[in-house]
Structures are given as structure tokens and as C-alpha cells.
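Asker: Sequence lines, in order, name chains V and Y.
My numbering numbers the first residue of the first sequence as 2 and each following residue consecutively.
My numbering numbers the first residue of the second sequence as 2 and each following residue consecutively.
Sharing a structure, written as C-alpha cells. Questions coming.
Number of protein chains: 2
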Amino acid sequence: MSSGPATHGKGYGISDTKNYQDFTIKEFKLKTPEPSDVTLSIECCGVCGSDVHTITGGWGPLSDDWICPGHEIVGKVTHVGDAVTEFKVGQRVGVGAQVFACLKCDRCKNDNENYCPEQVDTYNSPYPDGVMAQGGYSTVIRANERFVFAIPDAIKSEDAAPMLCAGLTVFSPLVRNGTGPGKTVGIVGVGGLGHFAVQFAKALGAKVIVFSHSANKKDDSFKLGANEFVLTSDKEFEKPYFDKLDFILSAADAAKIPLKELLSMLKIGGKLVSVGLPDEPWSDMSPSLMNPNASCISSTHIGSKKEVNAMLKLAAEKGVKPILHDIIPMSKAAEAIESVKTNKVRYRYVLKQDLE
Amino acid sequence: MSSGPATHGKGYGISDTKNYQDFTIKEFKLKTPEPSDVTLSIECCGVCGSDVHTITGGWGPLSDDWICPGHEIVGKVTHVGDAVTEFKVGQRVGVGAQVFACLKCDRCKNDNENYCPEQVDTYNSPYPDGVMAQGGYSTVIRANERFVFAIPDAIKSEDAAPMLCAGLTVFSPLVRNGTGPGKTVGIVGVGGLGHFAVQFAKALGAKVIVFSHSANKKDDSFKLGANEFVLTSDKEFEKPYFDKLDFILSAADAAKIPLKELLSMLKIGGKLVSVGLPDEPWSDMSPSLMNPNASCISSTHIGSKKEVNAMLKLAAEKGVKPILHDIIPMSKAAEAIESVKTNKVRYRYVLKQDLE
Numbered sequence: 002m003s004s005g006p007a008t009h010g011k012g013y014g015i016s017d018t019k020n021y022q023d024f025t026i027k028e029f030k031l032k033t034p035e036p037s038d039v040t041l042s043i044e045c046c047g048v049c050g051s052d053v054h055t056i057t058g059g060w061g062p063l064s065d066d067w068i069c070p071g072h073e074i075v076g077k078v079t080h081v082g083d084a085v086t087e088f089k090v091g092q093r094v095g096v097g098a099q100v101f102a103c104l105k106c107d108r109c110k111n112d113n114e115n116y117c118p119e120q121v122d123t124y125n126s127p128y129p130d131g132v133m134a135q136g137g138y139s140t141v142i143r144a145n146e147r148f149v150f151a152i153p154d155a156i157k158s159e160d161a162a163p164m165l166c167a168g169l170t171v172f173s174p175l176v177r178n179g180t181g182p183g184k185t186v187g188i189v190g191v192g193g194l195g196h197f198a199v200q201f202a203k204a205l206g207a208k209v210i211v212f213s214h215s216a217n218k219k220d221d222s223f224k225l226g227a228n229e230f231v232l233t234s235d236k237e238f239e240k241p242y243f244d245k246l247d248f249i250l251s252a253a254d255a256a257k258i259p260l261k262e263l264l265s266m267l268k269i270g271g272k273l274v275s276v277g278l279p280d281e282p283w284s285d286m287s288p289s290l291m292n293p294n295a296s297c298i299s300s301t302h303i304g305s306k307k308e309v310n311a312m313l314k315l316a317a318e319k320g321v322k323p324i325l326h327d328i329i330p331m332s333k334a335a336e337a338i339e340s341v342k343t344n345k346v347r348y349r350y351v352l353k354q355d356l357e
Numbered sequence: 002m003s004s005g006p007a008t009h010g011k012g013y014g015i016s017d018t019k020n021y022q023d024f025t026i027k028e029f030k031l032k033t034p035e036p037s038d039v040t041l042s043i044e045c046c047g048v049c050g051s052d053v054h055t056i057t058g059g060w061g062p063l064s065d066d067w068i069c070p071g072h073e074i075v076g077k078v079t080h081v082g083d084a085v086t087e088f089k090v091g092q093r094v095g096v097g098a099q100v101f102a103c104l105k106c107d108r109c110k111n112d113n114e115n116y117c118p119e120q121v122d123t124y125n126s127p128y129p130d131g132v133m134a135q136g137g138y139s140t141v142i143r144a145n146e147r148f149v150f151a152i153p154d155a156i157k158s159e160d161a162a163p164m165l166c167a168g169l170t171v172f173s174p175l176v177r178n179g180t181g182p183g184k185t186v187g188i189v190g191v192g193g194l195g196h197f198a199v200q201f202a203k204a205l206g207a208k209v210i211v212f213s214h215s216a217n218k219k220d221d222s223f224k225l226g227a228n229e230f231v232l233t234s235d236k237e238f239e240k241p242y243f244d245k246l247d248f249i250l251s252a253a254d255a256a257k258i259p260l261k262e263l264l265s266m267l268k269i270g271g272k273l274v275s276v277g278l279p280d281e282p283w284s285d286m287s288p289s290l291m292n293p294n295a296s297c298i299s300s301t302h303i304g305s306k307k308e309v310n311a312m313l314k315l316a317a318e319k320g321v322k323p324i325l326h327d328i329i330p331m332s333k334a335a336e337a338i339e340s341v342k343t344n345k346v347r348y349r350y351v352l353k354q355d356l357e
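Written out as C-alpha cells, the structure is:
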């Protein structure tokens, strides 16, 4: 008979959005174990822009007195419930930005569990049993096996971790909007998400045009696989691309992006998906921006397990991986957070386990 | 040998957006006749919200010293160019909100002439030859035959006129977004455009749910064919419709519509098209409104000739027609304009010819 799963974890968290750099170590309770749950000890965790939005209060107040962020998690399975079929103790796995869904609704049954209305985020979100989900700047996490992903041997843990939110967040809308051979895709913003978007759009076979307001992203864009690089601070940058783009993915985390110009480059009915979710609303949004070409604006939320698996397979085959700014101990989380907040990160921090 | 086409028209127009009710009668020059042009003498013209936005300056300054509005035009052909194949002198025809496109680009060649970058609006827009296009509160109009439409005998002129902008503007996005049997479509706002949208969505076979902030639109909505009527001022009006709508067409001409609530009712990836084009931007627009269900926001511009013909055929078959507030002489244009501006119109004015 196997030993019971862990009941508690320990992690780095914050208590006050005004002092978002003051991480303290605390022990926290894990969700009640259920037959389909997998428990893993955490090896490393990526630092995501979402972590910054959440702990600075940009997306609203904290849901609890103390929040442990982190949702780009790789570790080793330490326990599986009796109903778990996919995973074994000792296996290397990952967890992304979602740890629960009802798994019964139409959305869950149709590979849209990432849009389940009962979803629980990996942190700052309460489970139905009342236990607060805590994230990956910690020792251990438990989740239903639907939200646990096998990591291919070809991908190192520190490269896999950032894919589980940043990678998936761009991979899902790229795939759902037909990115592939014969298509021209615009990627706006080359940061943590965007630098994956360029690689995945390329790996999927599309022609990739990067739009950035930073000339210093040019070399990296080409290294990542861009076919063209366009500086959005150039006057009339959009003109040569009128009616040329099938799809635009904006990873720009900004309240003001050149929406009118970007939309004008889309073919009739083409879509711009913003996976950037700025703290402030878009001030200049108007239906009249879209009616010259019936273009659409959308936003998406991470992706499904089916998409995670497809993404990891493609990444393993094509060598897609993050450019890591640094790999540092979890105790230095505040350093990474500040680098993301001030937009200095190129392009992802990964925190290595240093607790226990 | 036929006589030459008219060289000038006479109409009711305005010179100053601040005094948008001060219509004066002036003679104006018609575009240079070309072999594919059709000239018609105007019998009647609908009064559209666009006329109000334009002559009040809501959509920007006037393009000329004097503007004759009106783009829901029915009349009789008085002259056809040598290359015209579709029409004969004496035939009853209509002209909508567009009078020119290049007819050579990919958009024009693929039934998207309404998105041609060289398009000329029916009024307040210059032709390539420099002549200012003037609208239908006038005696005569000339347009390329692509922008002239045969009116089925079953439809009266005063019923056909408002379809050529208001009807088409809603028919095109309904059709392009798959409105038909088995689909549930939300129509937001029951005015000049919305009252056509309800009828066309029904005629196309969809289940139609009307969302309005005016309880006094309830009876009309059911008369027009709505299956359900929902008051958007009711708290949590959207809750019973979560994940139920395939498509939403918003005809609300307002800077603030309950976007978050409306979008929440869409199925995964569902679209809201706003054909309302308010003067002011939407102040509360944010990607986070769409990421709970990957919904999209779009806007469209009138429709193609192919769609006009399909719309008129369907209208003739199913008896779709406007509810006319009144039919008044063109000299009373200001009265109709004020009624539209103050949202008193139920649901369309048509102006009858009284010049010459």
C-alpha cells in the first residue's frame, strides 16, 4: 500500500499588492486528494507576466491573505490517486495555469476545458472545497490529471516550464486560427509570449511577420524564425501589408497598441487575437476600426490539454524552446518579478527549487 | 439614338454641421457618365442614422461646402451607358450606400466590393474624377451598374428603399456568420437596423432573441418575429443565456453597450458584430472581456451586390419589410432627421420626391 499524498506545501508568497516584492515563506494546505489527482514535487517554475499582474493588483485584489504565484511548473510525480491512468510515481510532468474544471460540461467534453465556467486557476483561486489553490513558487502541487502533462524527454525541465503558460497561450490561438503553410501571420510584441509565438507560427509552417515598437528586438526576431520585422514606430508601417495578413496574434501587454493600423493589414474577416491582457482597458476601441474589412478582435485563455500535448510534441520535433534570461533560485523570485515588471526580461526567468 | 444622360441634379442639402436642420435646395453636378453607368430619377429615399451622424459631424467634418445626404434610394432608370447589361430605361431600381469601387481588386472580384479600398460612398465622398457624390434627397443619381439593384415587383418602393442600407447592413453579417436553422442569434437594439435584423434572422431560419434596454420594444419585437425578448436593464439578464448564442448582431448605436454581459452569452469562439457605429469610442473595451470564451468583436460595412439580390429575393418571398414611421415629402427632411437623432423614429422615415 502506497503512503498517502502530501497534505501541505511550502512556498514563497506575498500578502500585499503594494509590497509585491516582499516574498515570505509559508506553509499552505493542499486541496483534498481525490482519485483522479496527481501530486508532484516541484523542480522549477517559470515567472510569467500573469504573476506580476496578479501580485501587483493590476487584475484586481488578492483572493486571500497570502498568495503563492507561479503556473509554469515542472516536477516529479510523488503520488497518484487510484483513478489516475496517465501517470506514474517518479514521472516528469508539468502543470500550467489551470488546475481544475468540472470535466462534465459541453466545453470540458469538447477540448475546451480551459473555458469551463467552473475552472480553478493554479493560484489566487479557490477550489470548490474552499482550499485556496497555491502556485509553483513552492515545493508541491496537486491537480486533476487532466491538468498534468507528460514532458517529452527531448525537452529540458527549464525549457518546458515556460511553455506551459506562455507557450500554450500563443499555441492555442495560432492553431485554432489555421496557422500553417500558405498563411501569413503577424506577431505583435516579442516578449515572454511573443518569442514563443514567432517560433510556433514558424514551426507550424506559416510566413511570420513580427511587429514591434523596439528596434532592439529585430535580431532576436530573425533568430526565432521571423520572415520579416516591422517597426511599428515607423510612419505608415502598415501600408505595405494592407490586405496581406491572415491572422494577427498580439502578445503586447499594453493598454495602447496601434489597433487601427494592425487591423487594416488583415484580409476580409481576419482576426486579431490579443493574449496580452493589460491592466487598463483599450481607450480607443471603436467598431469603426473593424468595419473597413470586417476584421475581428478576440482574446483567448491558455489552451486545452490536447493542445498542450500537440505543442510539446511539436516543440520536441522542431526544437522550439524559450530564450532564458536566467535560471535563479526560488528565493530570488522578487528579482525576476521586477525584471518582468520593468520589461527588462529577455525572455523568461525560471526559478529553481531551493526549499526543503 | 438616345438622348444624353442628365448632367446635373437638384437636392436638399446642408452646409454646416452645427445647423444640420437647415436644408437648402441646390443644383449639383453629376459624375462624368461612363459606359457602365446607370442614371435614375429618384422616387423616394429612406432616412438613415448615417445621414444624422454625417450631417451633424459625428463621424467627422463634411467633405464639401454643401452635402446632400440619403443612401436608401429607389427610382426609375432614365439612361444606361453602352456597356450596361443588367438594366433598361424605365426599370425600377435602387441604389444603396455605395456608388463606386475599382471592380478590379481581389476584394471586388470576390463579392467584397463593399470593402474595396477605392470605394466611394453615395454622398460626402469624392469620385476619382473629383466630382462630389451627392445622395438621394434629390432628383437624380448616377452609379456604376454594380451598385444598382433591381427591385422585385412584390416589394413597394417605400419598403425597398430602407432595405438598401439598413436591411443590407444587417443581412450581410447575418448571412456571413451562418445565421440559419439550428442557430440561435441575438439581436441587440431594435431600431431602423435592428427591426430588419430580427426579421431577416427569422426569415433565414434562426431562433431569434432580442436584447433591448427599452421595454416598449417588446411587442414590436415579437411582431417582427423574435422568439424571446430580454430587457438588458434587468440585473443578470445574461445569465440564462450563458453559452447559448451562436452569433450576436448589435445594431445599438451607443458608445456604451453591456459588452461583457453580451459576450458572455456566446458559445466558444462566437462573434458579436456591431453595425452600430457610435460617434464616440467604446470606453470599456478590454481583451479580458473576450478571453472567458474566445469570443470576438467585429463590425461590418453594408454588403455586396450578391447579398443585396439575395436579401431582396428573401424579402419578397417572406414578406420582410420595414415598419414605416411616416412617408413625408423630401422638403420635410429636417423633421425626419430630428426624429432619428432623438431616437423617436419607429422605425424608418421615407422621403418622397417633391422637386421639379
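Backbone N, C-alpha and C fix where the C-beta goes; we use that ideal spot for every residue, glycine too.
This one's a predicted model, so the numbers in the text were calculated from it and none came from an experiment.
What are the residues of the segment 289 to 311 of chain V that lie near chain Y, defined by any Cβ-Cβ distance shorter than 8 Å?
Answerer: Listed in sequence order: Ser289, Leu290, Met291, Asn292, Pro293, Asn294, Ala295, Ser296, Cys297, Ile298, Ser299, Ser300, Thr301, His302.
Asker: Would you check if the distance between the CB atom of Gly304 of chain V and the CB atom of Ser173 of chain V is smaller than 8 Å?
Answerer: Numbered from 1 along the first sequence, position 303 holds the residue referred to as residue 304 of chain V. Numbered from 1 along the first sequence, position 172 holds the residue referred to as residue 173 of chain V. In this structure, Ser173 of chain V lies closer than 8 Å to Gly304 of chain V by Cβ.
Asker: Measure the C-alpha to C-alpha separation of Ile298 of chain V and Lys261 of chain V and round it to an integer number of angstroms.
Answerer: Along the first sequence, read from residue 1 onward, the residue named residue 298 of chain V stands at position 297. Along the first sequence, read from residue 1 onward, the residue named residue 261 of chain V stands at position 260. In a straight line, the C-alpha of Ile298 of chain V is about 11 Å away from that of Lys261 of chain V.
Asker: From the DSSP secondary-structure annotation, give me the bridge partner or partners of Tyr13 of chain V.
Answerer: One-based indexing of the first sequence puts residue 13 of chain V at position 12. According to DSSP, Tyr13 of chain V bridges with V:Ile26.
Asker: List the residues of chain Y that Asn113 of chain V touches, going by C-beta distances under 7 Å, in chain order.
Answerer: Locating residue 113 of chain V in the first sequence gives position 112, where the first residue counts as 1. Chain Y residues near Asn113 of chain V: Ile269.
Asker: Taking only the alpha-carbon atoms, compute the straight-line gap between Asn292 of chain Y and Phe243 of chain Y and give it to the nearest angstrom.
Answerer: Sequence index remark: in the second sequence, residue 292 of chain Y carries index 291 (1-based). Sequence index remark: in the second sequence, residue 243 of chain Y carries index 242 (1-based). If I take the Cα positions, the gap works out to 14 Å.
Asker: Work out the CA separation of Pro62 of chain V and Gly286 of chain Y for me, nearest whole Å.
Answerer: The residue labelled residue 286 of chain Y in the question sits at position 285 within the second sequence. The residue labelled residue 62 of chain V in the question sits at position 61 within the first sequence. Per the sequence shown, residue 286 of chain Y should be read as Met rather than Gly. Going by the C-alpha atoms only, they are around 20 Å apart.
Asker: Might you give, ordered along the chain, the residues of its own chain that have their beta carbon closer than 8 Å to the beta carbon of Asp23 of chain V, omitting 5 neighbours on each side?
Answerer: The residue you call residue 23 of chain V lines up with position 22 of the first sequence. The answer, listed in chain order, is Ile15, Ser16, Asp17, Ala335.
Asker: Kindly indicate which residue of V:Lys208, V:Gln99, V:Glu73 has the alpha-carbon position closest to the one of Gly50 of chain V.
Answerer: Looking up residue 50 of chain V in the first sequence gives position 49. Checked all of V:Lys208, V:Gln99, V:Glu73; the closest Cα to Gly50 of chain V is V:Glu73.
Asker: Since Tyr116 of chain Y meets chain V, which of its residues come closer than 8 Å, beta carbon to beta carbon?
Answerer: Mapped onto the second sequence, residue 116 of chain Y falls at position 115. Within 8 Å Cβ-Cβ: Ile269, Pro293, Asn294, Ala295.
Asker: Quick check on the burial criterion: 16 or more other C-beta atoms within 10 angstroms. Buried or exposed for Asp66 of chain Y?
Answerer: Numbered from 1 along the second sequence, position 65 holds the residue referred to as residue 66 of chain Y. Its Cβ having fewer than 16 others within 10 Å, Asp66 of chain Y is exposed.
Asker: Is Gly193 of chain Y closer than 8 Å to Cys46 of chain Y when the C-beta atoms are compared?
Answerer: Along the second sequence, read from residue 1 onward, the residue named residue 46 of chain Y stands at position 45. Along the second sequence, read from residue 1 onward, the residue named residue 193 of chain Y stands at position 192. No, the Cβ-Cβ distance between Cys46 of chain Y and Gly193 of chain Y is not below 8 Å.
Asker: Cα separation between Thr233 of chain Y and Lys240 of chain Y?
Answerer: Along the second sequence, read from residue 1 onward, the residue named residue 233 of chain Y stands at position 232. Along the second sequence, read from residue 1 onward, the residue named residue 240 of chain Y stands at position 239. Cα-Cα distance, rounded: 11 Å.
Asker: Does any residue of chain V have a CB that is nearer than 8 Å to the CB of Asp285 of chain Y?
Answerer: One-based indexing of the second sequence puts residue 285 of chain Y at position 284. It does; some Cβ of chain V falls within 8 Å.
Asker: Give the range of the beta strand (DSSP E) segment to which Ile328 of chain Y is assigned.
Answerer: For this step, residue 328 of chain Y is matched to residue 327 along the second sequence. 325 to 330 is the span of the beta strand (DSSP E), which, as asked, contains Ile328 of chain Y.
Asker: Using a Cβ cut-off of 8 Å (strictly closer), state whether Lys257 of chain Y contacts chain V.
Answerer: As a first step, residue 257 of chain Y must be located in the second sequence, where it is residue number 256. So no, Lys257 of chain Y is outside the interface.
Asker: Cβ of Thr140 of chain Y within 8 Å of Cβ of Ile43 of chain Y?
Answerer: Numbered from its first residue, the second sequence carries residue 140 of chain Y at position 139. Numbered from its first residue, the second sequence carries residue 43 of chain Y at position 42. Cβ distance < 8 Å, so Thr140 of chain Y and Ile43 of chain Y count as in contact.
Asker: Could you tell me which uninterrupted beta strand (DSSP E) segments, each at least 3 residues in length, are contained entirely in the segment 278 to 333 of chain Y, listed from first to last along the chain?
Answerer: The qualifying runs are 297 to 299, 325 to 330.
Asker: Given a cut-off of 8 Å on the beta-carbon distance, is the pair Phe197 of chain Y and Pro279 of chain Y in contact?
Answerer: The sequence position of residue 197 of chain Y within the second sequence is 196, counting from 1. The sequence position of residue 279 of chain Y within the second sequence is 278, counting from 1. No.
Asker: Kindly indicate which residue of Y:Val309, Y:Lys268, Y:Gln354 has the alpha-carbon position closest to the one of Asn111 of chain V.
Answerer: Sequence index remark: in the first sequence, residue 111 of chain V carries index 110 (1-based). The shortest Cα separation from Asn111 of chain V among Y:Val309, Y:Lys268, Y:Gln354 belongs to Y:Lys268.
Asker: Starting from Asp239 of chain Y, follow the alpha helix (DSSP H) in both directions and report where the run begins and ends.
Answerer: Position 238 of the second sequence, counting from 1, holds the residue named residue 239 of chain Y. It is Glu, not Asp, that sits at residue 239 of chain Y in the sequence shown. Looking at the DSSP string, Glu239 of chain Y is not in any alpha helix (DSSP H), and its letter there is neither H nor E.
Asker: Taking DSSP's pairing of strands, which residues face Gly76 of chain Y in a bridge?
Answerer: The residue given as residue 76 of chain Y occupies position 75 in the second sequence. In the DSSP output, where bridge partners are listed per residue, Gly76 of chain Y has Y:Ile43, Y:Val94.
Asker: Just verifying my parser: in three-state terms, what is the DSSP assignment at Val53 of chain Y?
Answerer: Sequence index remark: in the second sequence, residue 53 of chain Y carries index 52 (1-based). Here Val53 of chain Y sits in helix by DSSP.
Asker: Which ranges does the alpha helix (DSSP H) cover as unbroken runs of at least 4 residues, wholly within the segment 189 to 259 of chain V, from first to last along the chain?
Answerer: 195 to 204, 219 to 225, all fully within the segment 189 to 259 of chain V.
Asker: Please confirm whether Gly277 of chain Y has its beta-carbon closer than 8 Å to some beta-carbon of chain V.
Answerer: Taking the second sequence and counting its residues from 1, one reaches residue 277 of chain Y at position 276. Chain V, which has a Cβ nearer than 8 Å to the Cβ of Gly277 of chain Y, makes this yes.
Asker: Applying the criterion that 16 or more other CB atoms from any shown protein chain within 10 Å of the CB defines a buried residue, is Ala134 of chain V buried or exposed?
Answerer: Here the question's residue 134 of chain V lines up with position 133 in the first sequence. The residue is buried, with at least 16 neighbouring Cβ atoms inside 10 Å.
Asker: Could you give the DSSP three-state label for Ile1 of chain Y: helix, strand or coil?
Answerer: In this structure chain Y extends from 2 to 357, so residue 1 of chain Y is not present and cannot be described.
Asker: Classify Glu146 of chain V as buried or exposed, calling it buried when 16 or more other Cβ atoms lie within 10 Å of its own Cβ.
Answerer: Counting from 1 along the first sequence, the entry for residue 146 of chain V is found at position 145. Buried.
Asker: Can Gly40 of chain V and Thr86 of chain V be called in contact, C-beta distance under 8 Å?
Answerer: Along the first sequence, one-based indexing puts residue 40 of chain V at 39. Along the first sequence, one-based indexing puts residue 86 of chain V at 85. Here residue 40 of chain V is Thr; the residue named in the question, Gly, does not match the sequence. No, they are not a contact pair.
Asker: Is it buried or exposed, Gly5 of chain V, if we count other Cβ atoms within 10 angstroms and call 16 or more buried?
Answerer: Against the first sequence, residue 5 of chain V aligns to sequence position 4. The residue in question, Gly5 of chain V, is exposed, as its Cβ has fewer than 16 Cβ neighbours within 10 Å.
Asker: Tell me whether Asp83 of chain V sits in a helix, a strand or coil according to DSSP, three-state version.
Answerer: The residue you call residue 83 of chain V lines up with position 82 of the first sequence. Reduced to three states, the DSSP call for Asp83 of chain V is coil.
Asker: Tell me which same chain residues have a C-beta within less than 7 Å of the C-beta of Cys69 of chain Y, skipping the five on either side of it?
Answerer: In the second sequence, counting from the first residue as 1, residue 69 of chain Y sits at position 68. Taken in chain order, the residues that qualify are Gly12, Tyr13, Gly14, Phe29, Tyr124, Gln135, Gly136, Tyr138, Ser139.
Asker: Below 8 Å on C-beta distance, what does Pro127 of chain Y contact in chain V?
Answerer: By one-based count along the second sequence, residue 127 of chain Y stands at place 126. In chain order: nothing, as chain V lies at least about 18 Å away.
Asker: Among Y:Tyr350, Y:Gly76, Y:His9, Y:Leu31, whose alpha-carbon lies nearest the alpha-carbon of Leu325 of chain Y?
Answerer: Stepping through the second sequence from its first residue, residue 325 of chain Y is reached at position 324. Per the Cα distances, Y:Tyr350.
Asker: Taking Arg349 of chain V as part of the beta strand (DSSP E), name the residues at either end of that continuous run.
Answerer: Here residue 349 of chain V refers to the residue found at position 348 when the first sequence is read from its first residue. 349 to 353 is the extent of the beta strand (DSSP E) around Arg349 of chain V.
Asker: Given Asn20 of chain Y, which residues of its chain have a CB within under 8 Å of its CB, disregarding the five upstream and five downstream residues?
Answerer: Along the second sequence, one-based indexing puts residue 20 of chain Y at 19. For Asn20 of chain Y, where only same-chain residues beyond five positions count, there are no Cβ hits under 8 Å.
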